[in-house]
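Chemist:
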């Protein structure tokens, strides 16, 4: 039977019943008290009538279950997507719950829920259209069914909060009562559906409470690392600290005699895993294993050797890609009245999700299942298939909320490893947890980079030429080489593009050259919240302040003069300038800095107030951040993302650096890789200013402007530009 | 074997005495609300109360916990999430990913029990838990709210 044939023979209701039965059987297998219900909530297909292209399930008791295909990692997408569906469905928000469809169901149903990957701040902006259509289609079906039951024309019905009213006869019915009949009607053509104008929204666009808060306050929320299955073993892993080195030897006999240890197995050529009754026992075994890896040329790589490698790229002719070019920047700069040059450095950085990488896997001869926190359910399914050797149709992925993602959990290396281990112990579920040290060593790091900024000013202090030469590894070359465009990594130019809705350069410069010298090392790079907007914004916006000073101009005025053709960039910049009181005297001892950028479809800016003491101690008093993300689905969650992005972006700029010695990452825990804590976190004010007409991202865009605004405020205090990060390595004494 | 008093109940667990309390709670007692974040008392995701004091359970061996020591985890902080900090956290929608929040809540609850009206400086000193999502501003506001401080 082909897939298509099988699909047409199953009615929607048949699917639901069989899906629920399978899920129910699964859920009953869990043995830890209190866990069963939570698991069931997340895994079982809701029982009721499925509507709207499978986005909505309505139960006879009026409860509405909304399917969420994207992953929730704290960014609030789950609640926002539910608001959008509810808005078109016209159901009662207080009766809304949610569930994750599984990637296996998505595959079996011809990807009915679309793309499950959750990255690039696309959770809402990449699916708002079709989920709203799903909600609207469900509403149309419910109204049609009600019209048939009440024997009235559908046009005479109105609906509010799931209650359908026929005003002429004074009769009402409800979604719960007509849902079963509605599920038998043919789904309307999705593309013909007219969606509401956002200005008419009642549920979307409002600060609804998150749907996932309560269980996170009581310990009930299950993360993948909390999954417990009957007969489950736990495992700890150590992969080659010098990436790619093959395992040469390890002391299996000694470790197998240790308490609780059941298996010592290899995962791939480079990793060894100890499997025990508990994770603590497994990790004790791993520490005693004395693993040796083969030696190779990468053993000699250090932060210094990487720096020399990147420096070569600053003036090289080969392996160089152009991202933005206007006129002839080099000639303009060489002929300019005043020239300025600076080389900036940004280190490797780790995601350091609070929940270390982990995955539970169970493999039998004809089935591979994984329980995992993933930013890409489809990718996890593919990884499970690849590592188990089974076709994707015989694999399944059960998704859990992520204890942090930030891009790290878009990579599937941890799923692959868990399946590689479980495959060697058939039928036994294995929970593989990375120790914090292993998580730090086996990152997919935000790329190191050097950037040479060169510019020329004319005799009036106007910018006549700007050149930006980035020398850095390419994320795409490692993580997704098929997305390179004639070898070029377009993501290297985030926020620096000549045009486009994703991340446009916000200044008009008569002569401009922005290039990327791709210099790949053996250290695996990855997508890290904000990705390359982080470094690109710091390099551009800090250099803008150096240029303004050289021109004898106010940093805000210097920028504004080049932004007339970029009104949205300018509007967010003006907003933070106004709110912080730019142009008025700051409090005594306080200096200000400002920055703007664009990424992920949104325009963002930040203004900072800092104090730098004579002894060089920094105190960040206050930040104002603005965003124009087009449409806002949940303003309170936009504010939450802005606040959170500051901690991630500023923490990186202030404290974080992964250094390399003997080919391996040195920093293995939070004692050497510090985080921003409460005490250092500044007061944040936000200006959410959606101008409508487009859908920008929210989770990432503001991350990149906090750091340059703070660095510019420090520059205003000390008069010394900051070229090297993290800031902990720089003396601020004046 | 070890005897513990967890959330008011005596439990017997079969565990090596060197096992950190965190892992005994998670793997033997079956209470997974207490989280592993770093294993070296840096992040606070594993914070529990022992006799009313906040402690980082990753760095306390089971053998150093007496059967009479009262261990309270997030699951035992209150019935049904009704502790003042839990209510304030809910009112302000504090959590994002939520992974660190059990530790944040246990630390905040211990702070308020010691200092019923904490100042910002008290909060800075007590709240040294890591939150990678950056919920610090809301945590601060929620502590003030839970304490009934006017600025909350």
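Protein chains in written order, with this note's numbering: chain R, 331 to 1064; chain Z, 9 to 160.
Heads up, the beta-carbon is just placed ideally off N, CA and C, and yes, glycines get one too.
#1: For residue 695(R), decide whether its Cβ has a neighbour in chain Z, counting only Cβ atoms nearer than 8 Å.
#2: Can you tell me whether residue 546(R) is helix, strand or coil according to DSSP?
#3: Give the range of the alpha helix (DSSP H) segment to which residue 115(Z) is assigned.
#4: For the segment 528-540 of chain R, list every residue whose C-beta sits within 8 Å of some C-beta in chain Z, in sequence order.
#5: Which value, in whole angstroms, describes the spacing of the CA atoms of residue 851(R) and residue 803(R)?
#6: Reducing DSSP to helix, strand and coil, say where residue 798(R) ends up.
#7: Does DSSP put residue 418(R) in a helix, a strand or coil?
#8: Just to confirm, are residue 1065(R) and residue 633(R) a CB contact at a threshold of 8 Å?
#9: Looking at the secondary structure, which residues open and close the beta strand (DSSP E) in which residue 44(Z) lies?
#10: I believe residue 595(R) touches residue 603(R) by the beta-carbon criterion, under 8 Å. Please report the beta-carbon distance rounded to the nearest angstrom.
#11: Does any CB atom of chain R fall closer than 8 Å to the CB of residue 16(Z)?
#12: Give me the Cβ distance between residue 41(Z) and residue 68(Z), rounded to the nearest whole Å; I'm assuming they're in contact under 8 Å.
#13: Out of curiosity, what's the CA-to-CA distance linking residue 363(R) and residue 550(R)?
#14: Are the CB atoms of residue 537(R) and residue 961(R) within a distance shorter than 8 Å?
#15: Closer than 8 Å, CB to CB, is residue 45(Z) near chain R or not?
#16: Which residues in chain R sit within 8 Å of residue 147(Z), going by Cβ to Cβ distance?
#17: Would you identify the three-state DSSP class for residue 755(R), choosing helix, strand or coil?
#18: Can you tell me whether residue 431(R) is buried or exposed, with buried defined as 16 or more other CB within 10 angstroms of its CB?
#19: Near residue 24(Z), what residues of its chain come up, given a Cβ to Cβ distance below 7 Å and the 5 sequence neighbours on each side ignored?
#20: Listed from N- to C-terminal order along the chain, which residues in the segment 751-784 of chain R have their beta-carbon within a distance smaller than 9 Å of any beta-carbon of chain Z?
#21: At which residues does the beta strand (DSSP E) containing residue 428(R) begin and terminate?
#22: Taking the alpha carbon of residue 1042(R) as the point to measure from, which residue in 417(R), 937(R), 758(R) has its own alpha carbon closest?
#23: Have a look at 842(R), 800(R), 785(R), 855(R) and flag the residue whose alpha-carbon is nearest the alpha-carbon of residue 810(R).
#24: Please determine, among 442(R), 387(R), 450(R), 458(R), the residue with the shortest C-alpha to C-alpha distance to residue 409(R).
#25: With residue 698(R) as the anchor, note down where its beta strand (DSSP E) starts and where it stops.
#26: I'd like to know if residue 976(R) contacts chain Z, where contact means its C-beta is closer than 8 Å to some C-beta of that chain.
#27: Where residue 384(R) and residue 399(R) are concerned, what is the direct C-alpha to C-alpha distance, given to the nearest angstrom?
#28: Please classify residue 1023(R): is it buried, with 16 or more other beta-carbons within 10 angstroms of its beta-carbon, or exposed?
#29: Where do the ends of the beta strand (DSSP E) carrying residue 462(R) lie?
#30: Closest by CA to residue 484(R), which one among 637(R), 491(R), 576(R), 496(R)?
#31: Below 7 Å on C-beta distance, what does residue 48(Z) contact in chain R?
#32: Name, in chain order, the residues that DSSP records as bridge partners for residue 834(R).
#33: In whole angstroms, what separates the C-alpha of residue 10(Z) from that of residue 902(R)?
#34: Are the Cβ atoms of residue 566(R) and residue 609(R) separated by less than 8 Å?
#35: Distance, Cα to Cα, residue 966(R) vs residue 405(R)?
#36: Within its chain, find whatever has a CB closer than 8 Å to the CB of residue 359(R); leave out the 5 residues flanking it on each side and keep chain order.
Modeler: According to the structure data:
#1: Position 365 of the first chain holds residue 695(R). Answer no: the Cβ-Cβ gap between residue 695(R) and chain Z never drops below 8 Å.
#2: Start at 1 with the first residue of the first chain, and residue 546(R) comes out as number 216. Residue 546(R) falls in the helix class under three-state DSSP.
#3: In the second chain, counting from the first residue as 1, residue 115(Z) sits at position 107. From DSSP, the alpha helix (DSSP H) with residue 115(Z) extends over 109-122.
#4: 539, 540
#5: The residue labelled residue 851(R) in the question sits at position 521 within the first chain. The residue labelled residue 803(R) in the question sits at position 473 within the first chain. In a straight line, the C-alpha of residue 851(R) is about 7 Å away from that of residue 803(R).
#6: Locating residue 798(R) in the first chain gives position 468, where the first residue counts as 1. It is a strand residue.
#7: Translated into the one-based positions of the first chain, residue 418(R) becomes position 88. It is helical.
#8: Lying before the first or after the last residue shown, residue 1065(R) is absent from chain R, which here runs from 331 to 1064.
#9: Reading the second chain from its first residue, position 36 is the one you call residue 44(Z). Run containing residue 44(Z): none; DSSP gives neither H nor E here.
#10: Counting from one through the first chain, the residue named residue 595(R) turns up at place 265. Counting from one through the first chain, the residue named residue 603(R) turns up at place 273. 5 Å between Cβ atoms; contact.
#11: Start at 1 with the first residue of the second chain, and residue 16(Z) comes out as number 8. No, residue 16(Z) does not count as interfacial toward chain R.
#12: On the second chain, position 33 is the one that residue 41(Z) refers to. On the second chain, position 60 is the one that residue 68(Z) refers to. With a Cβ gap of about 17 Å, residue 41(Z) and residue 68(Z) do not count as contacting.
#13: Residue numbering aside, residue 363(R) sits at position 33 when the first chain is read from its first letter. Residue numbering aside, residue 550(R) sits at position 220 when the first chain is read from its first letter. In this prediction, residue 363(R) has a pLDDT of 31, which is less than 50 and means its spatial position is unreliable; nothing more can be read from the coordinates.
#14: As a first step, residue 961(R) is located in the first chain; it is residue number 631 there, counting from the start. As a first step, residue 537(R) is located in the first chain; it is residue number 207 there, counting from the start. No.
#15: To locate residue 45(Z), count along the second chain from 1; it is residue 37. Answer yes: the Cβ-Cβ gap between residue 45(Z) and chain R drops below 8 Å somewhere.
#16: Translated into the one-based positions of the second chain, residue 147(Z) becomes position 139. Within chain R, the residues near residue 147(Z) are 1008.
#17: Along the first chain, one-based indexing puts residue 755(R) at 425. Coil, per DSSP.
#18: Residue mapping note: residue 431(R) aligns to position 101 of the first chain, counting from 1. By the neighbour-count rule (16 or more Cβ atoms within 10 Å), residue 431(R) is buried.
#19: For this step, residue 24(Z) is matched to residue 16 along the second chain. Cβ within range, chain order: n/a, list empty.
#20: 763, 765, 766, 767
#21: Here residue 428(R) is taken as the residue at index 98 of the first chain, counted from 1. Segment 426-429, the beta strand (DSSP E) holding residue 428(R).
#22: If you number the first chain from 1, residue 1042(R) lands on position 712. Checking every option, the nearest Cα to that of residue 1042(R) belongs to 937(R).
#23: What you label residue 810(R) is simply residue 480 of the first chain in a count that begins at 1. It is 855(R).
#24: As a position in the first chain, residue 409(R) is number 79, starting the count at 1. Nearest C-alpha to residue 409(R): 458(R).
#25: Position 368 of the first chain, counting from 1, holds the residue named residue 698(R). Looking at the DSSP string, the run of the beta strand (DSSP E) that includes residue 698(R) is 697-702.
#26: The residue labelled residue 976(R) in the question sits at position 646 within the first chain. So yes, residue 976(R) belongs to the interface.
#27: Position 54 of the first chain, counted from the start, is the residue given in the question as residue 384(R). Position 69 of the first chain, counted from the start, is the residue given in the question as residue 399(R). Distance between the alpha carbons of residue 384(R) and residue 399(R): 11 Å.
#28: On the first chain, residue 1023(R) is found 693 positions in, with the first residue counted as 1. It counts as exposed.
#29: Start at 1 with the first residue of the first chain, and residue 462(R) comes out as number 132. Not the beta strand (DSSP E): residue 462(R) falls in the alpha helix (DSSP H), residues 458-480.
#30: Residue numbering aside, residue 484(R) sits at position 154 when the first chain is read from its first letter. Looking at the Cα atoms, 496(R) is the closest of the given residues.
#31: In the second chain, residue 48(Z) corresponds to position 40, counting from 1. The answer, in chain order, is 999, 1001.
#32: The count along the first chain starts at 1 and reaches residue 834(R) at position 504. Residue 834(R) is bridged to 827(R).
#33: Taking the second chain and counting its residues from 1, one reaches residue 10(Z) at position 2. Taking the first chain and counting its residues from 1, one reaches residue 902(R) at position 572. One C-alpha to the other measures close to 60 Å.
#34: Within the first chain, the letter at position 236 stands for residue 566(R). Within the first chain, the letter at position 279 stands for residue 609(R). Going by C-beta atoms, residue 566(R) is nearer than 8 Å to residue 609(R).
#35: On the first chain, position 636 is the one that residue 966(R) refers to. On the first chain, position 75 is the one that residue 405(R) refers to. If you take the alpha carbons of residue 966(R) and residue 405(R), they lie about 11 Å apart.
#36: Your numbering for residue 359(R) matches position 29 in the first chain. Because residue 359(R) carries a pLDDT of 24, less than 50, the predicted location of this residue cannot be relied on, and the following value inherits that uncertainty. Within the same chain, residue 359(R) has close Cβ partners 559, 560.
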